[in-house]
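Peer 1: This is the structure I want to talk about, given as structure tokens.
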Amino acid sequence: MRKHWIWTIILLAQAAAAQEPVAPTPATVGAARGENTGDYNVTNSFETGYRFSQVGGNEGMYRSSVNYGNGIRLLSSSLSVHSRDGHGRWFDELVLTTSGLGNDPYQSAILRVQKNRLYEYDMQWRLNDYYNPGLTVASGLHLMDTARRVQDHDLTLFPDSRLQLRFGYSRNDQTGPALTTLQVYGSGGDAFPLFADVHRVMNDYRLGGDFKIFGARLSVTHFWEDYKEDTPVSLDGVTSSGLPNDPTTLTQFQRNEPYHGTSPGWLVNLFKERKIWAINGRFTYIGGTRNFLLDETAVGIDRFGGGRNREVLVGGNARRPVATGDFSFSLFPGTRLTVVNNTSVHNFHIDGDATYQELNLATLTSSIFNFQYLGIRVITNSTDAHYRVSKWLGFYGGYHYSTRRIALEEALAVPPGSDLTGNSYEQDNHLHTGLAGIRLKPWKPLSISLDGEIGRSDKPLSPVVDRNYHAIGARAEYRLKNLVLSSTYKENYNNNSVTLSTFSSRARNYTASASWTPRERFALDATYTKLHLDTVGGIAFFAGLGRPQPVLGLNSIYLSNIHAATLMIRYALTKRVDLYAGYSITRDTGDGRSAAVPAGLTNPVDQLLASVQTFPLSFQSPQARVSVRLSPKVRWNAGWQYYGYHEDFGLFAFNQNYRANTGYTSILWTF
Amino acid sequence: MRWCFLLLLAAGLLRAQAPPGPSASGYVGSQACKTCHADVWFLFYRNPHYRSIASGAEPPERTGCESCHGPAKAHVEAHGGKTTIPRAFSLMQPGQVLEACLACHAKDFPKVNIRRSEHTRSDVVCTNCHSIHKSPAPRFLLARKQQNELCYGCHAAVRAQFSMPFKHRVNEGFMECTDCHNPHGTFTPTWRMAERPRLVDQALGNEEPCVRCHSDKRGPFVFEHAPVRVDGCETCHYPHGSMNAKLLHRPVTATLCLECHNGAGTFGTRNSGIMIQSASHNLLDPKYRQCTTCHVRIHGSNSDSYFLR
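So the protein lines, in turn, are chains V and A. Using the numbering used here, you'd call the opening residue of the first sequence number 373 and step up by one each time. Using the numbering used here, you'd call the opening residue of the second sequence number 83 and step up by one each time.
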């Protein structure tokens, strides 16, 4: 009977995994108990095989959203070594898992090594080979084909003792080709595509310790973050505007822009707990600086036909000291009632100066010194209470208050060295939030929760953030041993209107899901989600067929109705053969229209606004997999996954539709 | 005198090394448990909780099975039965489960905010996500092999977001939910007026977790795009997934920008509305509809107050 339930858990877990790409195979192989070698127990498995893909349509969009290619891969591997008595010579636990190694666009390796009471070492290495055509952002002129590698190392010495020492190192680098753009020789000209060789690297070093003092646990960490960006930008050949009546041409272009800096900081955590109360605090101070220099040369013809040889030099630095404090007091007299009060302060400012110099034909034509200061201080106090009346009934409620001050100073000196002229501004914003919720468990398999939140803010920074809002959530779950049914509803309405301008946003989410495992050989998992969003925002701009005129009083409307469904079925055909089939579809039906611009609209401004009110498209992915156990330690797997992306109508005449067949065949074995 | 001292020291050492045995308080030791629960015991040496047994120096109430389940004397004498276990987790209320685990884990700093977390408020406690005896995951005793499978179990809408054409690579294994979230509760956010935290963990500099990877957006810059610092990345982006490129709220950048840059009210840092676009920008001209074609450094710039380079 116990074995039956273990099978059920494994099957459910595998069914839920179906939303993942079809490979690696989630099946297990070999003896779960592993092999004993000396005082250690070892389990390992490797899945290696060939992955293929065939793409039709817009390959750039495929690479942006999927990006699996052809080739041999170590699709996944797992190695674990445990000492059987907890007294290994060098370590007591070693766990190494990898995925995608070889040439998948998403690769990772995770390692944990620890010896009881002596040390713990955790390492995580990841790679993301990322491609983005940037079509709807900049007509493809911001294409990116970069790889990002992230690694984290953490070593803790004496992890179970009163004094722990911690050392950490993280590195994050991004390299690869990209396109960027620059509008040269004035704001009326065209933007030119430029080649950028992206080189960004961040190194983060951490050193700290945890210890007990006066019954409290204290953690102190000192860290340094070094950041370097050296991305040269250049022109690939002579480029002309291509616009009628605009002869702007770039014949030479070069930009170097080193941007380096460091952010040293201190982090102090404090924690103390007694029988009915606890306190914890976190205090940080970080002083960040960045130094930069920009040297840009652009040789060509401006839009009036004049020859230009422009050089721009900018140098300066930016600073950001940040101080924060977060303190909580928790009271829990018994397991029925918990009250937590929290106060947090976040205070930082960013100030920087830049000297801008522009030379034309080696003659200084413009020289400006800029200074800017942006200061933000937020103080928050919140009280939350959670009370369980009985086994089947519980309540919570809370009140949060936040106050924020934003200060801005802008100043410039022309020429540099003369008196600064500028302005300073300050504004305050207050937010009051009330929360309430109820938890019901009227019947052992059934649990219901209802949540509500209402917030009132007096002066948000931008029109699209919450001002007068409410959020409502409800969840019901029915859980039996082989069946789980759940459903949720969530809505978030916001109204941020002011005189002559409106912004309102209404978001409603509905979900329903079911997991059913009637027999140990069969599992089914299904979900349906609807995400509705409609917004209306007042906008103002300039437009006209001749000279652009101000256009006021119109609204930007956006309506999205996203239906997402997944269905996953796993069936053990025989003791040796597992079959799996899955299907997922995400479809935005928009507002139901069949063309970007509804018939009857003749005004070009109305046509333009109508064309971006909704963006219906579908993205679907059926997949199937077979896994055959060849021997107790070997499985053969094969799978197919289809990706179909279809926009009902392109935006700005772009159409990025594609369809792709991907698949793999692999051997999964232990040894 | 010296001999007395040595005797006392030896007695103390012997006492410290003596293995914990049955006591009057009802502790019987883990050896008694394995007699019936061999399936749990067989691979328990792989469990992080085995350390308390391996150490041999912990008191009975912090050693092995009884450190979580309580003294087993009554359970043994009754020859089994869930109701005779002082702490049988499947019979306990959510709050009781939480307190039982926090007896040891409260001191872990990533968990110090658990009592005010959204999960605790929703009666989601340790055993909802962790399987202590039969975890299929290589780390953290998770109840599912992959972390995202575990979270999707309740957060179906998030599963839908990660199935959109533009998304962070969670399903593909490059990222995990805990890269951005701390399911055990977080400190108060430093952005967006600390409103609705949603268990979003903070980067080391108390910033949004986005800048952990997107370090080029972190700054500081001489010319900051204020909403990035004040209200955070979510002002323009959906962090999980979007039907729009670059995880943007809108399919085109023009409407995304114009909905804030409309000059209305007292919005913006200058208290007079956020500046509208220049009169030279004719929105009917396609080149002015994709704002970031020219305003390339939209997250912040060192060289240009309009983010042009």
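Note that beta-carbon positions come from the ideal geometry of N, C-alpha and C, so glycine has one too. Keep in mind the model is a prediction, meaning the values are calculated, not measured.
Quick one: is residue 132 (chain A) near chain V, going by C-beta distance under 8 angstroms?
Peer 2: As a position in the second sequence, residue 132 (chain A) is number 50, starting the count at 1. Yes, its Cβ sits closer than 8 angstroms to a Cβ of chain V.
Peer 1: Which residue wins for smallest C-alpha separation from residue 501 (chain V), given the options A:256, A:235, A:333?
Peer 2: Counted from its first residue, the first sequence places residue 501 (chain V) at position 129. Out of A:256, A:235, A:333, A:256 has the C-alpha closest to the C-alpha of residue 501 (chain V).
Peer 1: Is residue 526 (chain V) helix, strand or coil when you go by DSSP?
Peer 2: As a first step, residue 526 (chain V) is located in the first sequence; it is residue number 154 there, counting from the start. Residue 526 (chain V): strand per DSSP, three-state reduction.
Peer 1: Closer than 7 angstroms: is that where the CB of residue 511 (chain V) sits relative to any heavy atom of the ligand NAP?
Peer 2: Looking for the ligand NAP in the displayed structure turns up nothing, as the structure carries no ligands at all.
Peer 1: Please list, in chain order, the chain A residues whose beta carbon lies closer than 9 angstroms to that of residue 1017 (chain V).
Peer 2: One-based indexing of the first sequence puts residue 1017 (chain V) at position 645. Ordered by position in chain A, the residues that pass the 9 angstroms Cβ test against residue 1017 (chain V) are 247.
Peer 1: For a contact meaning CB atoms closer than 7 angstroms, what does residue 353 (chain A) contact in chain V?
Peer 2: Residue numbering aside, residue 353 (chain A) sits at position 271 when the second sequence is read from its first letter. The answer, in chain order, is 797, 799.
Peer 1: How is residue 838 (chain V) classed by DSSP in three states: helix, strand or coil?
Peer 2: Counted from its first residue, the first sequence places residue 838 (chain V) at position 466. Coil, per DSSP.
Peer 1: Suppose the cutoff is 6 angstroms on Cβ atoms and the five residues either side in sequence are ignored; what does the same chain contact list for residue 852 (chain V) look like?
Peer 2: Translated into positions along the first sequence, residue 852 (chain V) becomes position 480. If we look at residue 852 (chain V) and ignore the five residues flanking it on each side, its Cβ neighbours are 817.
Peer 1: So the candidates are V:693, V:882, V:666; which of them puts its Cα closest to the Cα of residue 660 (chain V)?
Peer 2: As a first step, residue 660 (chain V) must be located in the first sequence, where it is residue number 288. For the residues V:693, V:882, V:666, the minimum Cα distance to residue 660 (chain V) belongs to V:693.
Peer 1: Cβ of residue 604 (chain V) less than 8 angstroms from any chain A Cβ?
Peer 2: In the first sequence, residue 604 (chain V) corresponds to position 232, counting from 1. Residue 604 (chain V) does not count as touching chain A.
Peer 1: In this structure, how does DSSP classify residue 428 (chain V) when only helix, strand and coil are distinguished?
Peer 2: Within the first sequence, residue 428 (chain V) is the residue found at index 56, counting from 1. Looking at residue 428 (chain V) - three-state DSSP - the assignment turns out to be strand.
Peer 1: Per DSSP, what kind of secondary structure is residue 790 (chain V) in: helix, strand or coil?
Peer 2: For the purposes of this step, residue 790 (chain V) is identified with residue 418 of the first sequence, where counting begins at 1. It is coil, neither helix nor strand.
Peer 1: Near residue 739 (chain V), what residues of its chain come up, given a Cβ to Cβ distance below 8 angstroms and the 5 sequence neighbours on each side ignored?
Peer 2: Here residue 739 (chain V) refers to the residue found at position 367 when the first sequence is read from its first residue. Contacts found: 727, 728, 729, 730, 786, 787, 788.
Peer 1: DSSP state of residue 104 (chain A), grouped into three classes?
Peer 2: The residue labelled residue 104 (chain A) in the question sits at position 22 within the second sequence. A caution first: residue 104 (chain A) carries a pLDDT of 48, below 50, which makes its placement in the model unreliable, though a value can still be read off. Looking at residue 104 (chain A) - three-state DSSP - the assignment turns out to be coil, as it is neither helix nor strand.
Peer 1: Could you check whether the Cβ of residue 500 (chain V) sits closer than 8 angstroms to any Cβ belonging to chain A?
Peer 2: The residue you call residue 500 (chain V) lines up with position 128 of the first sequence. So, interface residue.
Peer 1: For residue 477 (chain V) versus residue 440 (chain V), is the C-beta distance shorter than 8 angstroms?
Peer 2: Position 105 of the first sequence, counting from 1, holds the residue named residue 477 (chain V). Position 68 of the first sequence, counting from 1, holds the residue named residue 440 (chain V). It is a contact, given that the beta carbons lie within the stated cut-off.
Peer 1: Is it true that the region 223 to 231 of chain A meets the region 608 to 616 of chain V, where meeting means three or more beta-carbon pairs spaced less than 8 angstroms apart?
Peer 2: no
Peer 1: Three or more beta-carbon pairs under 8 angstroms between the region 337 to 344 of chain A and the region 907 to 920 of chain V, yes or no?
Peer 2: Between the region 337 to 344 of chain A and the region 907 to 920 of chain V, the count of Cβ pairs shorter than 8 angstroms is three or higher; the stretches touch.
Peer 1: Across the region 187 to 199 of chain A and the region 255 to 274 of chain A, are there enough close Cβ pairs to call them in contact, namely three or more that are closer than 8 angstroms?
Peer 2: Contact holds: three or more Cβ-Cβ distances are below 8 angstroms.
Peer 1: So residue 794 (chain V) and residue 781 (chain V) are supposed to be a Cβ contact under 8 angstroms. How far apart are they, rounded?
Peer 2: Taking the first sequence and counting its residues from 1, the one referred to as residue 794 (chain V) is at position 422. Taking the first sequence and counting its residues from 1, the one referred to as residue 781 (chain V) is at position 409. The pair is a contact, with the Cβ atoms about 7 angstroms apart (cut-off 8 angstroms).
Peer 1: Roughly how many whole angstroms lie between the Cα atoms of residue 219 (chain A) and residue 225 (chain A)?
Peer 2: As a position in the second sequence, residue 219 (chain A) is number 137, starting the count at 1. As a position in the second sequence, residue 225 (chain A) is number 143, starting the count at 1. Using only the alpha carbons, I get a separation of about 7 angstroms.
Peer 1: Mind pulling the chain V residues with CB within less than 7 angstroms of residue 356 (chain A)?
Peer 2: Walking along the second sequence from the start, residue 356 (chain A) turns up at place 274. Going along chain V in sequence order, the residues near residue 356 (chain A) (Cβ under 7 angstroms) are 834.
Peer 1: What's the gap between the Cα of residue 841 (chain V) and the Cα of residue 552 (chain V)?
Peer 2: For the purposes of this step, residue 841 (chain V) is taken as residue 469 along the first sequence, with counting starting at 1. For the purposes of this step, residue 552 (chain V) is taken as residue 180 along the first sequence, with counting starting at 1. Whole-angstrom Cα-Cα distance: 38 angstroms.
Peer 1: Determine, using beta carbons only, whether residue 306 (chain A) comes closer than 8 angstroms to chain V.
Peer 2: Position 224 of the second sequence holds residue 306 (chain A). Output row for residue 306 (chain A): interface = yes.
Peer 1: With a cut-off of 8 angstroms, does the C-beta of residue 127 (chain A) fall near any C-beta of chain V?
Peer 2: Residue numbering aside, residue 127 (chain A) sits at position 45 when the second sequence is read from its first letter. Closer than 8 angstroms: yes.
Peer 1: Excluding the 5 residues preceding and the 5 following residue 385 (chain A) in the sequence, name in chain order all residues of the same chain whose CB lies nearer than 7 angstroms to its CB.
Peer 2: Start at 1 with the first residue of the second sequence, and residue 385 (chain A) comes out as number 303. For residue 385 (chain A), where only same-chain residues beyond five positions count, the Cβ hits under 7 angstroms are 391.
Peer 1: Put residue 947 (chain V) into one of helix, strand or coil per three-state DSSP.
Peer 2: Here residue 947 (chain V) refers to the residue found at position 575 of the first sequence. Residue 947 (chain V): coil per DSSP, three-state reduction.
Peer 1: Would you list the residues sitting across from residue 359 (chain A) in a DSSP beta bridge?
Peer 2: In the second sequence, the residue the question calls residue 359 (chain A) occupies position 277. Paired residue(s): none; residue 359 (chain A) is not in a bridge.
Peer 1: Near residue 732 (chain V), what residues of its chain come up, given a Cβ to Cβ distance below 6 angstroms and the 5 sequence neighbours on each side ignored?
Peer 2: Position 360 of the first sequence, counting from 1, holds the residue named residue 732 (chain V). For residue 732 (chain V), where only same-chain residues beyond five positions count, the Cβ hits under 6 angstroms are 682.
Peer 1: Mind listing which residues of the region 988 to 1015 of chain V have their C-beta closer than 7 angstroms to chain A's C-betas, in chain order?
Peer 2: Answer set for the region 988 to 1015 of chain V: 989, 991.
Peer 1: What residues of chain V sit near residue 255 (chain A), judged by a beta carbon separation below 7 angstroms?
Peer 2: Position 173 of the second sequence holds residue 255 (chain A). Close to residue 255 (chain A), with beta-carbon spacing below 7 angstroms, are these residues of chain V in chain order: 471, 472, 478, 480.
Peer 1: Let me confirm a value: residue 182 (chain A) is counted as buried when at least 16 other C-beta atoms fall within 10 Å, else exposed. Which label applies?
Peer 2: For the purposes of this step, residue 182 (chain A) is taken as the residue at position 100 of the second sequence. Counting of Cβ neighbours within 10 angstroms places residue 182 (chain A) among the buried residues, the total reaching 16 or more.
Peer 1: Among V:707, V:973, V:999, V:846, which has the Cα closest to the Cα of residue 184 (chain A)?
Peer 2: Translated into positions along the second sequence, residue 184 (chain A) becomes position 102. Here the closest residue by C-alpha is V:707.
Peer 1: Residues in the same chain with beta-carbon distance under 6 angstroms from residue 378 (chain A), minus the five sequence neighbours each way, listed in chain order, please.
Peer 2: On the second sequence, position 296 is the one that residue 378 (chain A) refers to. No residues qualify anywhere along the chain.
Peer 1: Considering only residues of the region 904 to 958 of chain V, which uninterrupted beta strand (DSSP E) runs meet the minimum length of 3 residues and lie entirely inside it, listed in chain order?
Peer 2: 921 to 944
Peer 1: Quick one: does residue 783 (chain V) have its CB under 8 angstroms from some CB of chain A?
Peer 2: For the purposes of this step, residue 783 (chain V) is identified with residue 411 of the first sequence, where counting begins at 1. So no, residue 783 (chain V) is outside the interface.
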